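> Got a structure for you, written out below as structure tokens; questions coming shortly.
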Amino acid sequence: METRLQLIKGDITTLRVDAIVNTANPSLLGGGGLDGAIHRAAGPGLLEVCRLLGGCKTGEAKITRGYKLPARFVIHTVGPVWGVGDRQEAEFLASCYKNSLAQATIHDCKTIAIPNISTGVYHFPKELAAEIAIREVKTYLAANTTPEKVIFVCFDDENLAIYQKMLQGEIK
Ligand code: AR6
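Structure below.
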């Protein structure tokens, strides 16, 4: 199972994989951070189709094509904003990973690249977010044959160091 996990540092918009995950907001109409980078790289076709999706609730995930991206699909998920007071942030973040992976399975994506959801503008604590991400991905892979490979993509050094420590001995 362990060889199905990979960890890299880099820009997720450049990856030629079956699906990348976008850290969107409930409107699904673009934003800053990674969301902005994905929309810029995908071109206007992505926004056009996102307008038809009717938004997305926190913890859920919706899929589109990748348009000009090297990735075939974009799975848009909405992470929780840390500290808004509902105390369900951890459950919502776990749902983001589960529902994104389920979309990958439904669309027969063999490789999926996932960023550090909610750890930017949404301020989810990075250690806790990584714990949840790794736990959910491992649980999902143990129960499903597709996707075959999950690539954790870290953009900042702090997240990379956290993932390296938590995945020590388990990644190739
Ligand atoms: N490739 C991989 N990871 C990236 C990239 C990239 N090109 N760019 C940033 N990251 P954020 P959130 C990392 O703020 O916290 C948007 O405005 C970044 O280092 O993009 O889920 C949406 O519209 C961080 O670790 O997403 C929402 O309103 C992680 O991606 C809101 O931000 C997430 O950072 C979502 O906030």
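Take the sequence shown: its letters are residues 42 to 213, numbered as in my numbering. Beta carbons are placed, not taken as given, at the ideal position from N, Cα and C, and that holds for glycine. Source: prediction; values computed, not measured.
#1: Helix or strand or just coil, what does DSSP make of K179?
#2: What first and last residue would you give for the beta strand (DSSP E) that runs through L232?
#3: Out of R45, K139, I153 and L169, point me to the one whose CA is closest to V119's CA.
#4: By a C-beta neighbour count over all protein chains shown, 10 Å radius and 16 as the cutoff for buried, is A183 buried or exposed?
#5: Considering only heavy atoms of the ligand AR6, does any lie closer than 8 Å to the CB of S159?
#6: Where DSSP assigns a beta bridge to Q144, which residues make up the other side?
#7: Could you give the first and the last residue of the continuous beta strand (DSSP E) run that contains I116?
#8: Report the three-state DSSP secondary structure of C150 (helix, strand or coil).
#9: Would you mind sorting E177 into buried or exposed? The rule is 16 or more other CB atoms within 10 Å of its CB.
#10: Return yes when at least one heavy atom of the ligand AR6 lies under 8 Å from the C-beta of T187, else no.
#11: Just how far apart, CA to CA, sit M42 and L134?
#12: Any heavy atom of the ligand AR6 within a distance shorter than 8 Å of the CB on T64?
#13: Below 8 Å on the Cβ atoms is my guess for P121 versus S159; work out the distance and round it to an integer in Å.
#14: Could you check where the alpha helix (DSSP H) with L46 kicks off and where it finishes?
#15: Tell me which same chain residues have a C-beta within less than 6 Å of the C-beta of G86, skipping the five on either side of it?
#16: Determine the closest residue to Q144 out of Y163, V194, E168 and T105, with distance taken between C-alpha atoms.
#17: Following the continuous beta strand (DSSP E) through N63, name the residue where it begins and the one where it ends.
Reading off the structure:
#1: DSSP places K179 in helix when its eight states are reduced to three.
#2: Absent from the structure is residue 232, since the part of the chain shown begins at 42 and ends at 213.
#3: The shortest C-alpha separation from V119 is found at K139.
#4: A183 is exposed by the Cβ-count criterion.
#5: Within 8 Å of the C-beta of S159 there is at least one heavy atom belonging to the ligand AR6.
#6: Answer is none; Q144 lacks a bridge partner.
#7: DSSP places I116 in the uninterrupted beta strand (DSSP E) bounded by F114 to V119.
#8: Coil, per DSSP.
#9: Flag for E177 reads buried.
#10: For T187, the CB stays at least 8 Å from every heavy atom of the ligand AR6.
#11: Only weak support is given to the placement of M42: the predicted model assigns it a pLDDT of 46, under 50, and the value that follows is read from those uncertain coordinates. Straight-line spacing of the CA atoms in M42 and L134 works out to 23 Å.
#12: It does: the Cβ of T64 is within 8 Å (strictly closer) of some heavy atom of the ligand AR6.
#13: Right, the Cβ-Cβ distance comes to about 6 Å (below 8 Å), so this counts as a contact.
#14: From DSSP, L46 is part of no alpha helix (DSSP H) but of the beta strand (DSSP E) over L46 to K50.
#15: Around G86: Y108.
#16: Among Y163, V194, E168 and T105, the Cα nearest to that of Q144 belongs to T105.
#17: Here the beta strand (DSSP E) through N63 covers A60 to A65.
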